[in-house]
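K.L.:
Got a structure for you, written out below as structure tokens; questions coming shortly.
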Amino acid sequence: MSGAKILLVGSGAREHIIAEKLFESKPMPHIYSYMSAKNPGVMFCSDKDMIGKMNDVDSIVTFAKQNKVDFVVIGPEIPIEAGVTDALRYVGIRCVGPRKVVGQLETSKSFTRDLVAKYDIPGNPKFKIFESIDKISEFMDELGDTGFVIKPDGLTGGKGVKVLGEHLKGKEDSLEYCKEIIIHGSRVIVEEKFVGEEFSLMSFVDGKTVVDMPAVQDHKRAFNGDTGPNTGGMGSYSGPKGLLPFLNEKHIEDAHNITVKVMEAIKKETDVDYKGIMYGGFIATKNGVRLIEYNARFGDPEAMNVLTLLKTDFVKVCTAIVEGTLGELKVEFSDDATVCKYVVPNGYPDNPEKNEKIEIPKPENGAKVYYAAIDKREGALYMTGSRAVAFVGRGASISDAEKIAEDACNTVTGTVRHRTDIGTDALVQKRIDHMDAL
Ligand code: GLY
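In the numbering used here, the protein residues as written are -9 to 428.
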């Protein structure tokens, strides 16, 4: 029996592990990849590849048609915002990745806050959406001691959200930041700041059924001790049995219920089934689970944690998503823990070194390697400026998994660095203590 023909869109470490998981399926599928740069890991799994822009809808549709693919898996958010899923639908090709109108869950933060409020779903902070600077100051005062978070409405690559007391010193620079967002043509959302521990709960969704993956904690700040600027994510960990050490099953149940309600609400609102990944960014507070945001795709690095643990054939999972039969499939994950650490160029994220050579020996300790912003030229690997390569360790405990990932990071040579604290006993204990002290 011949395997499915699948087009994969995207070229980061997230897409490398998606390609690898698809490639492991039986019968082996034919993978066609549409990338913005030649990721050697994705290319290894692909029959054919094409380089192009992530928002070039016509090129993606043409490549899918030429290769008569059975379905498409979309990695990043840009093609979702560009309407790739809708354009493919017109030519009869289905996608693991939502249509543009329901992809607003990620592409418009105001859409999600309004939806959650309208359908009376728990999890929203106090918030207001502004199109001009008038009255922002008043609302900041109204939020008082709880403080606030400022978010541009659209996509920002994870780098646009600023928190009072962390990225913003006081009201003055906060209002300046709001002005900057509005001048650049975006609406601004000002919302109550939550205090607690953040976690990502990603779910496979077919429009009717929500199947959760293990919970993961990402680390957005550039440097050890959660200092420095925000990044796309420097690394992440998942704990044994799909839990995190500072969460209990009720936290997961509450987050799951929010995702189910949001999936149902989005269908009522748009009459479109959400098919793909719903990635809930949640925070466990002293008053329960609250919603920070949704993304409409796998998290990066979180994809490396959860797909490492996925035991069910991934092509079967994708097929169930596009066919709307997820409720009939038993989706299983290993009980192991995982730690993923990114090695990044010096200067990342503000002034990253680019076009520097990097040497990535094959790990001998069982760590897995996933290429990200890497370009392969004349037999050598060069960094293109963003996160370069991810290493994943897996073990019975977070501690075991951390040692594997950390040792692998230290074998890389080049002008690079990584966060040595992600997944260590000390940092995990800090998270538990923080939660206990709330
Ligand atoms: N882990 C952050 C993101 O994927 O947006």
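Backbone N, C-alpha and C define an ideal beta-carbon position, used for all residues, glycine too.
(1) Check the C-beta distance from residue 219 over to residue 176 and give it rounded, since I have them as a contact under 8 Å.
(2) What separation, rounded to the nearest whole angstrom, lies between the Cα atoms of residue 306 and residue 154?
(3) Does the beta-carbon of residue 318 have 16 or more other beta-carbons within 10 angstroms, so that it is buried, or is it exposed?
(4) Compute the Euclidean distance between the alpha carbons of residue 359 and residue 352, then round it to the nearest angstrom.
(5) Hey, residue 406 and residue 329: beta-carbon distance below 9 Å or not?
(6) From what residue to what residue does the beta strand (DSSP E) around residue 241 run?
(7) Is it the case that the Cβ atoms of residue 194 and residue 316 are separated by a distance below 9 Å?
(8) Tell me which same chain residues have a C-beta within less than 7 Å of the C-beta of residue 51, skipping the five on either side of it?
(9) For the ligand GLY, is there a heavy atom less than 8 Å away from the beta-carbon of residue 69?
(10) Leaving out the 5 sequence neighbours to the left and right, which residues in its chain are closer than 6 Å to residue 432 when beta-carbon positions are compared?
(11) Please say whether residue 54 and residue 62 have beta carbons closer to each other than 9 Å?
(12) Under 9 Å between the Cβ atoms of residue 380 and residue 9?
(13) Report whether the distance from the Cβ of residue 338 to the nearest heavy atom of the ligand GLY is below 8 Å.
(14) Is it the case that the CB of residue 440 approaches a heavy atom of the ligand GLY more closely than 8 Å?
(15) Would you report the Cα separation of residue 199 and residue 261, rounded to the nearest angstrom?
(16) Go ahead and pull the three-state DSSP assignment for residue 338.
(17) State the DSSP-derived secondary structure class of residue 209, mapped to helix, strand or coil.
(18) Between residue 300 and the rest of its own chain, which residues show a CB-CB distance below 7 Å, the 5 nearest in sequence each way excluded?
(19) Closer than 8 Å: is that where the CB of residue 204 sits relative to any heavy atom of the ligand GLY?
(20) Given this structure, state the Cα-to-Cα distance separating residue 408 from residue 370, to the nearest angstrom.
(21) I believe residue 129 touches residue 280 by the beta-carbon criterion, under 8 Å. Please report the beta-carbon distance rounded to the nearest angstrom.
(22) Just to confirm my understanding: we take residue 410, look at its own chain, exclude 5 residues before and 5 after, and list those with CB closer than 7 Å. What are they?
(23) Between the alpha carbons of residue 426 and residue 377, how many angstroms are there, rounded?
(24) Let me confirm a value: residue 271 is counted as buried when at least 16 other C-beta atoms fall within 10 Å, else exposed. Which label applies?
(25) Along the chain, where does the alpha helix (DSSP H) containing residue 96 start, and where does it finish?
(26) Identify which residue in 347, 382 and 383 has its Cα closest to the Cα of residue 366.
(27) Using a 10 Å radius around the Cβ and a threshold of 16 neighbouring Cβ atoms, would you call residue 174 buried or exposed?
(28) Considering Cα atoms alone, identify which of 292, 69 and 190 is closest to residue 93.
(29) Residue 269: beta carbon under 8 Å from a heavy atom of the ligand GLY?
(30) Taking residue 357 and residue 383 to be in contact with their CB atoms under 8 Å, please state how far apart those CB atoms are, rounded to whole angstroms.
P.N.:
According to the data block:
(1) Incorrect: roughly 20 Å between the Cβ atoms, too far for contact.
(2) Cα to Cα, residue 306 sits roughly 44 Å from residue 154.
(3) When all chains shown are included, residue 318 counts as exposed.
(4) So the two alpha carbons sit approximately 8 Å from each other.
(5) Cβ distance not < 9 Å, so residue 406 and residue 329 don't count as in contact.
(6) Here residue 241 belongs to no beta strand (DSSP E); instead the alpha helix (DSSP H) covers 239 to 260.
(7) Going by C-beta atoms, residue 194 is nearer than 9 Å to residue 316.
(8) These residues qualify, in order along the chain: 77, 78 and 81.
(9) No.
(10) In the structure as shown, the chain begins at -9 and stops at 428. Residue 432 is therefore absent and cannot be evaluated.
(11) Yes.
(12) No, the pair does not count as a contact, with Cβ atoms beyond the cut-off.
(13) Residue 338: no, Cβ never under 8 Å from the ligand GLY.
(14) Because the chain spans -9 through 428 in this model, residue 440 falls outside it and cannot be assessed.
(15) Going by the C-alpha atoms only, they are around 16 Å apart.
(16) Here residue 338 sits in coil by DSSP.
(17) Under the three-state reduction of DSSP output, residue 209 falls in the coil class, being neither helix nor strand.
(18) Exclusion of the five residues before and after residue 300 leaves 11 and 323 as the residues of its chain whose Cβ lies within less than 7 Å of its Cβ.
(19) No, Cβ of residue 204 sits at least 8 Å from all heavy atoms of the ligand GLY.
(20) So the two alpha carbons sit approximately 21 Å from each other.
(21) In this structure residue 129 does not touch residue 280 by the C-beta definition: roughly 19 Å separates them, more than the 8 Å allowed.
(22) 214 and 396.
(23) When the Cα atoms are used, residue 426 and residue 377 turn out to be separated by approximately 33 Å.
(24) When all chains shown are included, residue 271 counts as buried.
(25) Where residue 96 is concerned, the enclosing alpha helix (DSSP H) starts and stops at 90 to 97.
(26) Out of 347, 382 and 383, the CA that lies nearest to the CA of residue 366 is found in 347.
(27) Exposed, because fewer than 16 other Cβ atoms sit within 10 Å of the Cβ of residue 174.
(28) When the alpha-carbon of residue 93 is set against those of 292, 69 and 190, the nearest one is in 69.
(29) Yes, the Cβ of residue 269 comes within 8 Å of a heavy atom of the ligand GLY.
(30) Yes, they are in contact, since the Cβ atoms of residue 357 and residue 383 sit about 5 Å apart, within 8 Å.
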